[in-house]
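Keeping their order, the protein sequence lines are chains E and Z.
This note's numbering numbers the first residue of the first sequence as 1 and each following residue consecutively.
This note's numbering numbers the first residue of the second sequence as 1001 and each following residue consecutively.
No residue lacks a Cβ here, since even glycine has one placed at the ideal position from N, Cα and C.
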Amino acid sequence: MNLSEGFVCMPTHQRIDVSKVGDVTVVRFNDRKILDEAKIIEFGAELFSVVELDNRKSILLNFDGVEFLSSAALGKLITLDRKVKSHKGRLKMSNIRREIYDVFLVTKLNKVFDIHDAEAEAISAF
Amino acid sequence: MAHDPSVRVANPSPDDIGPWRLAVHLPSERGASRIVTESLLEQLGIHGWETADVFSIHLAAEEAIVNAIVHGNKLDPHKQVYVECLVSPELVRLEITDEGAGFDPAQVPDCTSDERLEVPSGRGVMLMRTFMTRIEYNEKGNRVLMEKRKG
């Protein structure tokens, strides 16, 4: 919603930080450990609002600083990926630390998600 | 199981590398795992466990406790989860018991199969098996013993 020229009303987020790099919406996480059920529900709702309300089509989840996530968080990411695709958008992930990437490997979710090493590389791949 | 909210903790000083033990009853509430994991993580650091192993143990503990709360006890406020932990420089042992009807872990579907790969849930037991060196369920399926041995 444009309030006046040059100003855009942005929803406030607590669990995520949303910024734009060109046409790509970059999402960072405010929590180092994504495991608390209540926080997972909140970050899921905030991520979904980026897709549904803000109508963003190119979304990058930058996991820099995230030290831990549980299978409940993986489930939320799966649902988000499905939602982005249903909105004809593209979702990528980057900056995933080694231990968390191993979780994506053993669950074979590295085949579902589009994962890149670093943000710049991911943005250029959109 | 008796309703006993007591926590028994044997807490060594940092110079004492004898095993740390914890025995606690958790309420069947989302987020209750933190009662255990905060102390567990602290003790893993004190006992010299490396980052990768700390992650593995944390993940397995979180998955097992959440399973006990959500799937075992069905979030029933009248039921508790009993957690016992042991941490030494060479071994971590976790035992989690719920008051539910139990289940057969052999019947858990393969979450990496093509038809289940994009199902949001069902990965907890597989992650526990992958990231710990030993995992055993009792016959009923309401108690799980997990171990991580260094090296």
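In the DSSP assignment, the beta strand (DSSP E) including residue i goes from what residue to what residue?
i, result
"Ile1069 (chain Z)", "Careful: Ile1069 (chain Z) lies outside any beta strand (DSSP E) and carries neither H nor E."
"Lys85 (chain E)", "Not the beta strand (DSSP E): Lys85 (chain E) falls in the alpha helix (DSSP H), residues 71 to 86."
"Ser19 (chain E)", "16 to 21"
"Cys1085 (chain Z)", "1080 to 1087"
"Phe113 (chain E)", "From DSSP, Phe113 (chain E) is part of no beta strand (DSSP E); its letter is neither H nor E."
"Leu91 (chain E)", "90 to 94"
"Arg1093 (chain Z)", "1091 to 1097"
"Trp1020 (chain Z)", "1020 to 1027"
"Leu1145 (chain Z)", "1143 to 1149"
"Glu1136 (chain Z)", "1134 to 1137"
"Val26 (chain E)", "24 to 29"
"Ser58 (chain E)", "58 to 62"
So residue i and residue j are in contact, right, with Cβ under 8 Å, and what is the actual spacing, rounded?
i, j, result
"Val1087 (chain Z)", "Gln1043 (chain Z)", "4 Å"
"Gly1100 (chain Z)", "Asn1073 (chain Z)", "5 Å"
"Thr107 (chain E)", "Leu74 (chain E)", "7 Å"
"Pro1109 (chain Z)", "Gly1141 (chain Z)", "Contact flag wrong, Cβ pair sits at about 15 Å."
"Val27 (chain E)", "Leu60 (chain E)", "7 Å"
"Leu53 (chain E)", "Ile16 (chain E)", "Actually they do not touch by this definition, with Cβ atoms about 14 Å apart."
"Cys1111 (chain Z)", "Met1128 (chain Z)", "About 12 Å; that fails the 8 Å criterion."
"Met1092 (chain Z)", "Glu1038 (chain Z)", "One detail in the question is off: residue 1092 (chain Z) reads as Val in this sequence, not Met. About 15 Å; that fails the 8 Å criterion."
"Glu99 (chain E)", "Ala1052 (chain Z)", "6 Å"
Determine whether the beta carbon atoms of residue i and residue j lie at a separation below 8 Å.
i, j, result
"Val66 (chain E)", "Val18 (chain E)", "no"
"Asn1067 (chain Z)", "Gly1031 (chain Z)", "no"
"Arg56 (chain E)", "Thr12 (chain E)", "no"
"Leu105 (chain E)", "Phe68 (chain E)", "no"
"Val1081 (chain Z)", "Ile1065 (chain Z)", "yes"
"Ile114 (chain E)", "Leu91 (chain E)", "With the sequence shown as reference, residue 114 (chain E) is identified as Asp, and Ile is not the correct amino acid for it. Yes."
"Gly1048 (chain Z)", "Pro1089 (chain Z)", "yes"
"Val1036 (chain Z)", "Cys1085 (chain Z)", "yes"
"Gly89 (chain E)", "Ser58 (chain E)", "yes"
"Ile41 (chain E)", "Phe63 (chain E)", "no"
"Ser70 (chain E)", "Glu1062 (chain Z)", "yes"
"Ser1028 (chain Z)", "Ile1069 (chain Z)", "yes"
How far does the alpha helix (DSSP H) with residue i in it extend, from its first residue to its last?
i, result
"Leu1040 (chain Z)", "1034 to 1046"
"Val103 (chain E)", "98 to 106"
"Arg1129 (chain Z)", "1124 to 1131"
"Lys127 (chain E)", "Any property of residue 127 (chain E) remains undetermined from this structure, which presents chain E solely from 1 to 126."
"Ser124 (chain E)", "119 to 124"
Answer with buried or exposed for residue i, where buried requires no fewer than 16 other C-beta atoms within 10 angstroms of its C-beta.
i, result
"His1078 (chain Z)", "exposed"
"Lys1050 (chain Z)", "Correcting the residue identity first, residue 1050 (chain Z) is Glu in this sequence and not Lys. Under this definition Glu1050 (chain Z) is an exposed residue."
"Asp31 (chain E)", "buried"
"Glu1060 (chain Z)", "The identity of residue 1060 (chain Z) in the sequence shown is Ala, whereas the question assumes Glu. Looking at its Cβ environment, which holds 16 or more other Cβ atoms inside 10 Å, Ala1060 (chain Z) is buried."
"Lys20 (chain E)", "exposed"
"Pro1119 (chain Z)", "A small correction: the amino acid at residue 1119 (chain Z) is Val; Pro does not occupy that position in the sequence shown. Exposed, by the Cβ-count rule."
"Val103 (chain E)", "buried"
"Ala72 (chain E)", "buried"
"Val1144 (chain Z)", "buried"
"Ala122 (chain E)", "buried"
"Ser1113 (chain Z)", "exposed"
"Ile22 (chain E)", "Per the sequence shown, the amino acid found at residue 22 (chain E) is Gly instead of Ile. When all chains shown are included, Gly22 (chain E) counts as exposed."
"Leu1075 (chain Z)", "exposed"
"Met1 (chain E)", "Below a pLDDT of 50, predicted positions are generally treated as unreliable, and Met1 (chain E), at 44, falls in that range; no measurement from the model is reported."
"Gly44 (chain E)", "buried"
Does chain A have any CB closer than 8 Å to the CB of residue i?
i, result
"Thr1130 (chain Z)", "In the structure shown, chain A cannot be found, because the protein chains are E and Z."
Can you find a heavy atom of the ligand GTP that lies under 7 Å from the Cβ of residue i?
i, result
"Gly1102 (chain Z)", "Of ligands this structure carries none, so the ligand GTP is not represented either."
Review point. Should the stretch 75 to 89 of chain E be called in touch with the stretch 1126 to 1143 of chain Z, which here means at least 3 C-beta pairs below 8 Å?
Key: no
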